[in-house]
Each structure stands twice: as structure tokens, then as C-alpha cells.
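Just add 5 to wherever you are in the sequence shown, counting from 1, and you've got our numbering.
Every residue gets a Cβ at the ideal spot worked out from N, C-alpha and C, and that includes glycine.
Predicted, not measured: the structure shown is a model, and the values here were computed from it.
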Amino acid sequence: MNTTLLQAIKGLLIMTFVTMVIAGHGESPEEANRLVAINLQERIEAAATRYVYFATEDIISNRPTREGWSTDLIAEQARLMDDLREWSAQTSTLQTLICHPDPKVRALVIGALYVSEDPRQLPVIASVIDDRETSFKHIPFSLNSYGMRGNVWKTTGDPQSVGEVARSMVAAYLGPAFKHHPTGFAEYWNARKDRNTCAGWFLIRLQRATRNQTPFQPRYQRDIQRVIDDLNALPVGERAWTQVFLRCRSFGDIEKYLTNEACIASLKDVGHDQIVKLLKREQFSADPDLRLDRMGSAGDTLHSWMSHFILRRARMLLRTEDVPTLLACEDVQRKTPLLGATPYWAAAAAELMNDTDPAAARQIIDEALGRFPLSGILGGREQSVLIGMLWRLYGTQNQQTIVDWFYESQALAIERKSDQSNHGLQDFLGIVGVARRPDTNELLSGLVHDSRFNQTDWATLKALIDLASEDLPMPQVDRSEIYNSNLRLPGDDDLKQKIFADWRKKLISHYSQ
């Protein structure tokens, strides 16, 4: 049974037992509640004298304190987490203890209120963000010497004020709303105080259910599924947009729980007009976490993420008559100071247009390649989206164009020393893998038999090996060899080039069969 549930049951049994004992002595329900509250207060006061450390980040993430600490400290924090979960069932009593004279009691109350995962407790937590009295010692959530909590740096063993603990937990909720200063909590809460759900609140629950770990751990599957079940029970509009929000802002294996099929079905239920409203940055939801008209980079970033999700699935969610709107949106985005334009608008427009006018679709791609030149800052990555669409729509009909682009982009990646995080060819080969066209091997054979193949770098070779190994019982190259060969150690360039030459021979042999 889930640990959180066990602790809640334990707390309820204690309260029930106390109430039954009192009832047996003829006490009123009010007196029973008062004595239950006294019992909780006494237990928290005792805990305040017992605990030395308070792992704020681990409590926020619902993650066990394990790595790098002594056995005794790990056991202490496990007991603290159990206590917080148990106490969290009694939020009414906890609220009355937020002004307790002992700062350690106040810190424990903040932790228990946060662990309740009830956003209605946020105003209580926020009420003490300026409390400077010292509580427990700090433990950062990683093996690093420092931890970041509420914009305050703390080393292991440093004392935490009550306000620092409160700011950390308020900041955890403000983050999904692109607000990073807990002093702005009043504005945040005024927009949400009358709501039952917000997209950001589901993100907090999902992060806690997964313990902020990737890949998701099987032992937390029930906790994750509980969040997904509550999400799926939302009304159509809130469900659809929250699903997309979580797909854009989550990590790890989220697509296993929020599948493309489920998200697309929800968006279709919302309707085409609402989807277009999002793309045009018009109001499409009453959720303040989904506002795209906010000033500065917050709305720009959220719009970019959510619109990309839709544009990559344009054929299932949009119509040919939306093409002018998509190209107009790109033009508007081009004038956005921080983000600038993205090639996904033109790629989606070409995909939609191809059903009725393939020549016009090809023209959209060609013109977009001019707007996103290879010489641009993200040229290789931006053009990979457009060349990827060219491949998806026309396959080897444009093979020479694709091969020539491939090696021009490779030369650029080498010149700029692009790594995996900014590598256009790796992006393109990822698109090829997902597209699964029947002529894929013909394209890959053309790439590895080209005279420029010996120019390929580690990231490109890795992506090609991944594709070539997909249908093989064993990968062409062991994964450890691939990653070990990428270590940037002095004096190993000759060795790496020998290793890369061996990989190229294997790929050429594979695509010669």
C-alpha cells in the first residue's frame, strides 16, 4: 500500500481513537476536536526537539534523502517525511500552529501543509516568508555542496530560517506560472484563489509523484497514475490544455501516461476553433497558468511550447484553410524580441498544403529555407525541421537535395563545434527515424556512400548507428563504446578518429547488403 496513504490512515485512526475515548467520557465533538488538535501540537513540539536537519528540496520533491549522507541522517529524514505525511491530513490544526512561538514547529507546520498537496494552504505558508528566526539545518538535494532554495544559497549544515523554508515551498508553485519571486505571491494567488484546479498545480503533483526522477521509477507508478486519473476526470477543456501543458513542461516518460493519442483526442474534443485561438495567442482557457498574453518571455515561452506540440501534429488537428494563419503567426513571432520565429509554422503549413497542392507545399518549404538560413545562429537545427518535412512529404524524390544539405550542415556543426544539444543532423536523423518511410534505407545508403561521409562527427555517427541498429538483435556498436569515445580527453583525437573510421566501415557494410 502507498506510504502516504498508510500515514494518512494512521493519523485518522489516532484521531478516531482519541475521539472514541472522549466520547466514552461524554465529551462534546468540539471538545474531541480540541483534544485531537492538542495531541497533534504536542507531537509536533516533540518532533521539533528531536530533528536536527530539514531536507527542504527533498520534501518539495517528495524524494527520499539517500545519496551522500550518513545512514543515521537518511533514517532521520525518512522519519521526518513519514511524520509530515501523517500530519498533513490535519490542515485545520496545522493552520493554527503557523504562529507557534517555536520556529522549528513553524518549519514543520510549513512542511506538513506543503506535503498535503492542497494549494489552498499556500496563503498560510506565504504568511511567514519574512520570518527570519532560525529553524533546522539544511541538506541540499544532491551531492553538490550547495542547494538553491527560494533564491537563497545554502551549504550543508547551514541554519534555515522559517522564511527560507516557506519561500522555497511557495517558489515551487510559482515556478510553473513563470513567476520566480515569492514576494509576488499575492498577485499569483489573487488570480487562482477561486479555482479548483490549475495546470501548474497538476505539474507540482506530477513532479512529486515521480519524485522528480527520470526515467520514471516503476515503484511510483501508482502515485503517477493517481495524478493522471484526476487529470482525466477534468472537464474537456481543462483536461485537454492541462495535458498539453504537462507534455510540454514535464520530463522523463510522461508520454507513456499522456500519450499522443490521448492528447490529440482531447484537443479534438475542445474543437478546431479553440486550437486556432491558442496559435493566434487569443484567450483559449480561463486557467491563469495558461495565459499567453502576459508580458515578457513567460507568455512567449509557453506559447512556443504549446504551439509546437500542435504544429508537430498539424495533420490531425488543423485544416488546409489554416495555412495562411500559420504563416501569419510565424511573421508575428518573428517580431517577438526574445524568441524570434520558428520553422515549425512553415513545416506545418507545408504538411497541410501538400494534401491539395504539393507544388505549393514545396514552395512553402523553399521560401522558409530562405528565412531560416544555414548561416543563422540555429541554422542547422532550424533547417533540419524543414528538410525533415521535405523528407516526410517527398522521400527520395529529393534525395540529392537532402544529401547535399546533410553535408553542408555537417561542415557547419564541425566549424561551430556543435554538440548533442545543438546538432542539426542529429535532429534530422531523429525525424527520419520517427517518419519510418519505406525508402528510409535508400536515403541512409546514399548518405553513407557519399564521398563526404568521412567528415561525419560523433553526434552524426551515433544517430546513424542508432538508426541502423533499430531492427538488429544487437546494436552495431556497444553503447558504452559510443559514449566512452566522446570523452574530450587531451591527446586522444587520433584514437577517436580510428574508432570513428571503424564505425563508418560498419555502416557502409550494413547499407551495402
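- Item | Proximity to T306 [Cα-Cα], best of N201, K184 and Y225 | As a working note, residue 306 is residue 301 in the sequence shown. Nearest option by C-alpha distance: K184.
- Thinking just about the alpha-carbon of each residue, which of L332, F377, L379 and G345 is nearest to the one in E356? In the sequence shown, residue 356 corresponds to position 351, counting from 1. Checking every option, the nearest Cα to that of E356 belongs to L332.
- Do the CB positions of F377 and Q368 come within less than 7 angstroms of each other? By one-based count along the sequence shown, residue 377 stands at place 372. By one-based count along the sequence shown, residue 368 stands at place 363. Not a contact, by the Cβ cut-off of 7 angstroms.
- Helix, strand or coil: which one does DSSP assign to Q532? With the chain covering 6 to 518 only, the question about residue 532 has no answer from this structure.
- Helix, strand or coil for F314 per DSSP? Residue mapping note: residue 314 aligns to position 309 of the sequence shown, counting from 1. Here F314 sits in helix by DSSP.
- Message: According to DSSP, simplified to helix, strand and coil, what is Q165?
- Response: Mapped onto the sequence shown, residue 165 falls at position 160. Correct three-state label for Q165: strand.
- Contacting residues, own chain, Cβ-Cβ under 6 angstroms from D235 (five flanking each side not counted): The sequence position of residue 235 within the sequence shown is 230, counting from 1. Closer than 6 angstroms at the Cβ level, and outside the excluded window around D235, lies no residue.
- Message: Can you give me the C-alpha to C-alpha distance between I259 and M321, rounded to a whole angstrom?
- Response: To locate residue 259, count along the sequence shown from 1; it is residue 254. To locate residue 321, count along the sequence shown from 1; it is residue 316. Between I259 and M321, the C-alpha separation is close to 21 angstroms.
- Query: In chain order, what residues of the same chain have a beta carbon less than 6 angstroms from the beta carbon of I487, not counting five sequence neighbours either side?
  - Reply: Position 482 of the sequence shown, counting from 1, holds the residue named residue 487. Cβ neighbours of I487 beyond the five flanking positions: K467.
- Check K282 in the structure and name its three-state DSSP category. On the sequence shown, residue 282 is found 277 positions in, with the first residue counted as 1. In this structure, K282 counts as helix in the three-state DSSP scheme.
- Are the beta-carbon atoms belonging to P293 and A196 less than 7 angstroms from one another? Residue mapping note: residue 293 aligns to position 288 of the sequence shown, counting from 1. Residue mapping note: residue 196 aligns to position 191 of the sequence shown, counting from 1. Yes.
- Message: Classify H308: buried if its beta carbon has 16 or more other beta carbons within 10 angstroms, exposed otherwise.
- Response: For the purposes of this step, residue 308 is identified with residue 303 of the sequence shown, where counting begins at 1. That one is buried.
- Is the stretch 112-120 in contact with the stretch 87-104, if contact means three or more CB pairs nearer than 8 angstroms? yes
- Rounded straight-line distance, which links the Cα of E192 to that of R318: Along the sequence shown, read from residue 1 onward, the residue named residue 318 stands at position 313. Along the sequence shown, read from residue 1 onward, the residue named residue 192 stands at position 187. Between the alpha carbons of R318 and E192 lies a gap of roughly 35 angstroms.
- Span of the beta strand (DSSP E) holding H143? As a first step, residue 143 must be located in the sequence shown, where it is residue number 138. In this chain, the beta strand (DSSP E) harbouring H143 covers T139 to H143.
- Report yes or no: do the stretch 51-64 and the stretch 169-187 share at least 3 C-beta pairs separated by less than 8 angstroms? Segments in contact, yes.
- Task: With DSSP as the reference, please indicate the residues paired to Y58 in a beta bridge.
- Result: Counted from its first residue, the sequence shown places residue 58 at position 53. DSSP lists K142 as partners of Y58.
- Query: Fully enclosed by the stretch 402-446, which beta strand (DSSP E) runs are 3 residues long or longer?
  - Reply: none
- With 16 as the cutoff for other CB atoms within 10 Å, does D360 come out buried or exposed? Taking the sequence shown and counting its residues from 1, the one referred to as residue 360 is at position 355. Result: exposed.
- Item | Best match in V249, R286, H515 and L477 for proximity to A270 [C-alpha to C-alpha] | Walking along the sequence shown from the start, residue 270 turns up at place 265. Per the Cα distances, V249.
- Message: Rounded to whole angstroms, what is the Cα-Cα separation between A204 and A182?
- Response: Stepping through the sequence shown from its first residue, residue 204 is reached at position 199. Stepping through the sequence shown from its first residue, residue 182 is reached at position 177. Computed Cα separation, rounded: 9 angstroms.
- Item | Counted within 10 angstroms of its Cβ, other Cβ atoms place C268 as buried (16 or more) or exposed | Counted from its first residue, the sequence shown places residue 268 at position 263. Buried is the call here.
- Task: Tell me whether S456 is buried or exposed, calling it buried when 16 or more other Cβ atoms sit within 10 Å of its Cβ.
- Result: Here residue 456 is taken as the residue at index 451 of the sequence shown, counted from 1. Under this definition S456 is an exposed residue.
- Message: Which runs of the beta strand (DSSP E) at least 3 residues long sit entirely within the stretch 333-364? Give them in chain order.
- Response: none
- Task: Ignore the nearest five residues each way along the sequence and tell me which others in S450's own chain have a CB closer than 7 angstroms to its CB.
- Result: Numbered from its first residue, the sequence shown carries residue 450 at position 445. Result list for S450: Y516, in chain order.
- Query: Which class does W508 belong to by DSSP, given the choice of helix, strand or coil?
  - Reply: As a first step, residue 508 must be located in the sequence shown, where it is residue number 503. Residue state, collapsed to three classes: helix.
- I103 beta carbon less than 7 angstroms from that of V120: Within the sequence shown, the letter at position 115 stands for residue 120. Within the sequence shown, the letter at position 98 stands for residue 103. No.
- Using DSSP with H/G/I as helix, E/B as strand and the rest coil, what is L331? Here residue 331 corresponds to residue number 326 of the sequence shown, with the count starting at 1. Helix, per DSSP.
- Message: Within 7 angstroms of any Cβ in chain C, is that where the Cβ of T76 sits?
- Response: Note that chain C does not occur in the displayed structure, where there is just one protein chain.
- Message: Assuming the contact rule is C-beta atoms closer than 8 angstroms, D136 and S166 should be a hit. Round their C-beta distance to whole Å, please.
- Response: Counting from one through the sequence shown, the residue named residue 136 turns up at place 131. Counting from one through the sequence shown, the residue named residue 166 turns up at place 161. About 6 angstroms; that satisfies the 8 angstroms criterion.
- Message: Quick check on this structure: which residue in E475, D63, P478 and R286 has the alpha carbon closest to the alpha carbon of T341?
- Response: In the sequence shown, residue 341 corresponds to position 336, counting from 1. Nearest of E475, D63, P478 and R286 to T341, Cα basis: R286.
- Should T401 and L448 be called a contact, given that it needs their Cβ atoms to be closer than 7 angstroms? Position 396 of the sequence shown, counting from 1, holds the residue named residue 401. Position 443 of the sequence shown, counting from 1, holds the residue named residue 448. Yes. Within cutoff.
- Message: Which same chain residues end up closer than 6 angstroms to P69 when comparing Cβ atoms and leaving out the 5 residues on each side of it in sequence?
- Response: By one-based count along the sequence shown, residue 69 stands at place 64. None.
- Buried or exposed: G73, going by 16 or more other Cβ atoms within 10 Å of its Cβ? Counting from one through the sequence shown, the residue named residue 73 turns up at place 68. So G73 ends up on the exposed side.
- Task: Output the distance between the C-alpha atoms of K408 and S290, rounded to the nearest integer angstrom.
- Result: Indexing the sequence shown from 1 puts residue 408 at position 403. Indexing the sequence shown from 1 puts residue 290 at position 285. Here the sequence assigns Val to residue 408, which means Lys is not the residue at that position. Spanning the two alpha carbons is a distance of roughly 44 angstroms.
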